[in-house]
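Residue numbers (the numbering used here): 6 to 615.
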């Protein structure tokens, strides 16, 4: 059993809570732009003073509407400035925020409203209000309990945020302060429901201490990123995801200006105008950006140059890694010269795509392919990979600016201990570990062992404390021959191909390992353009021998990572995409493996017909 810890860097008063972080920022510099809102004429700064004023007004409205300290309030919205304002208003009113993904089905919304016991709901727009109304029509219990549904956008209809604030004018500052200070670090700040890769979502009780202690210690842990002068970032991940909110609280404490983008599709345009200094993203974004740059180069007749530049960036980063391990002196003169040439020809263009000021990117939520990490670092935009779960308030390990090991998820955050059990499971104890599952003692009894949270992930710790995630305990396949196979590394490698959106490795109880492959529609279009092939539908592409040959190449490359007994021997190309809407991905883009195996049972059976 191996263990690694990092000492706590910052402590907080047990009687304080997340709202104190905002009060300190406003007291230190009321004019400082904490947020930026996008409008028709570009970005407009929101000062700490203005944000605090708006939050207090909304909180008073909630109190006037009967919200008591400790009560739950549901928020169902895409990422936007109002989400953040409502979140802090709930905390100032002493409430507990319950995020709901804007893409959730009526059944999921009904379960969360019921399980959380919420009486108040914030809904983003007319459509979300209608969805809530539909849920209430089918549930007398919820209909009788719910007190208010407030819209977060504005089109002249009440109740909305403005009318809620107006309703609170009779609430005194003293009453607001009584509500705001009702919670301490040990009290629940948010019920965050797991994304439900298996089974019904469980409500994770995230405390004020979880959010606040993680925030202040992450800032102390990564000062080069979060405390740099004029630090700025765009948040486009769903704020219903605990990672987005944990980072948002850290940005507040650091004083980093944060802008909101409500979809990844709008991200590239906004990067150019907002010009962030750092960015939080999920691996799929890095894959898409790299694939897009590769396609753009191909269509401009620069494929050869781009391939050479990519290879140079990766070699350059690998040499830096070797030097960090004490196994070399870093890139040699010839490589440095070649790298400098491509920096002018290729890498600078890539950096301009991100606004030109981006110094670091942070990757979380799922595994990042080492090849992508080396490519971006070699191109001058280092990607720091971290690791965590909803139950650990997102980050519990991270690479840092000065301590980075590509392929690992870094070292424990301050105040955190990582232990790898005898069976390889990663266990976590520390400031981010949640209080427990809401009203679910059976799940709590199973989740903890000896004071450590059982993550369900498999991993390895090296002697310097860097953690590498090797798979998911429940995802391990055992072939008919008794071979244990972790599907993750194979899937990640296959997915790096331009044509592949998702790969699902199967073979549990079967004679050999096989895979289902879904195609990336944009990647397919780009491949057709680059190869001068007439456009193909997904169904046509699934049967096309040229496409199959290209995927076979990707599978062959992935098989070099494993032994012959673990290699993918057969695959089928699906004529459908795996999406959140199809029920095969979570809102954070994690694969729902059980759903895929269930829905494509016939295709899997076909892989094993003699």
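C-beta atoms are modelled at their ideal positions from N, C-alpha and C, and glycine is treated no differently.
Since the model is a prediction, treat every value here as computed from it, not as a measurement.
Within the same chain, 9, 11, 402, 403, 404, 405, 408, 469, 470, 471 and 472 come within 8 Å of residue 416 by CB-CB distance, once the 5 residues on both sides are set aside. For residue 265, no alpha helix (DSSP H) segment is defined; the enclosing uninterrupted segment is the beta strand (DSSP E) at 262-265. Per DSSP, the continuous alpha helix (DSSP H) segment holding residue 354 begins and ends at 353-358.
Our two residues, residue 459 and residue 100, have alpha carbons roughly 29 Å apart in a direct line.
Per DSSP, the unbroken beta strand (DSSP E) holding residue 474 starts and ends at 472-477. With a threshold of 16 other beta carbon atoms within 10 Å, residue 282 meets it and is buried.
Measuring C-alpha to C-alpha distances from residue 158 to each of 360, 118, 172 and 131 identifies 131 as the nearest.
Here residue 190 is near residue 19, since their CB atoms are less than 8 Å apart.
The beta carbon of residue 483 lies closer than 8 Å to those of 489, 490, 513 and 514 in the same chain, with the five residues before and after it left out. The beta carbon of residue 586 lies closer than 8 Å to those of 108 in the same chain, with the five residues before and after it left out. Excluding its 5 nearest sequence neighbours in each direction, residue 73 has no C-beta neighbour in its own chain below 6 Å. Note that the region 33-40 touches the region 52-59; at least 3 beta-carbon pairs, one per stretch, sit closer than 8 Å. Inclusion of residue 86 and residue 262 in the CB contact set at 8 Å is not warranted, their separation being larger than that value. Across the set 47, 94 and 384, the C-alpha of 94 shows the shortest separation from the C-alpha of residue 27. Nearest neighbour of residue 557 by Cα position, chosen from 502, 591, 516 and 597, turns out to be 502. Counting along the chain, the unbroken beta strand (DSSP E) around residue 193 starts and ends at 193-198. Ranked by how close their Cα comes to the Cα of residue 498, the residues 184, 152 and 378 have 378 in first place.
Between residue 106 and residue 397, the alpha-carbon positions lie close to 19 Å from each other. Among the bridge pairs identified by DSSP, residue 550 is matched with none. Around the beta carbon of residue 146, a 10 Å sphere encloses fewer than 16 other beta carbons of the protein chains shown; the residue is thus reported as exposed. In the DSSP assignment, residue 283 is bridged to 365. The residues 321 and 324, in chain order, have a CB closer than 6 Å to that of residue 336 in the same chain once the five nearest residues on each side in sequence are set aside.
In the three-state reduction of the DSSP assignment, residue 561 falls in the helix class, which pools H, G and I. If you draw a straight line from the Cα of residue 251 to the Cα of residue 104, it is about 13 Å long. Counting only runs that start and end inside the region 78-162, the alpha helix (DSSP H) elements of at least 4 residues fall at 86-97, 111-121, 131-143 and 145-150.
By the Cβ test, the region 544-555 is not in contact with the region 472-481, since fewer than three Cβ pairs between them sit closer than 8 Å. Counting C-beta pairs closer than 8 Å gives fewer than three between the region 330-344 and the region 367-381, which falls short of the contact rule. Pairing residue 376 with residue 418, the inter-Cα distance amounts to about 25 Å. Fewer than three beta-carbon pairs drawn from the region 562-572 and the region 590-606 are found closer than 8 Å, and the two stretches are therefore not classed as touching. Rounded to whole angstroms, the separation of the alpha carbons of residue 613 and residue 213 is 51 Å.
The criterion of a C-beta distance shorter than 8 Å is not satisfied by residue 584 and residue 611. Between residue 290 and residue 247, the C-beta gap is not smaller than 8 Å, which leaves the two residues out of contact. With respect to the C-alpha of residue 607, the residue from 186, 311, 511 and 440 having the closest C-alpha is 511.
In summary, residue 569 is exposed, with fewer than 16 beta-carbon neighbours lying within 10 Å of its beta-carbon over all protein chains present. For the alpha helix (DSSP H) assignment, the uninterrupted runs of no fewer than 4 residues enclosed by the region 462-527 are, from N- to C-terminal side, 492-500.
DSSP lists 433 and 453 as the bridge partner or partners of residue 458.
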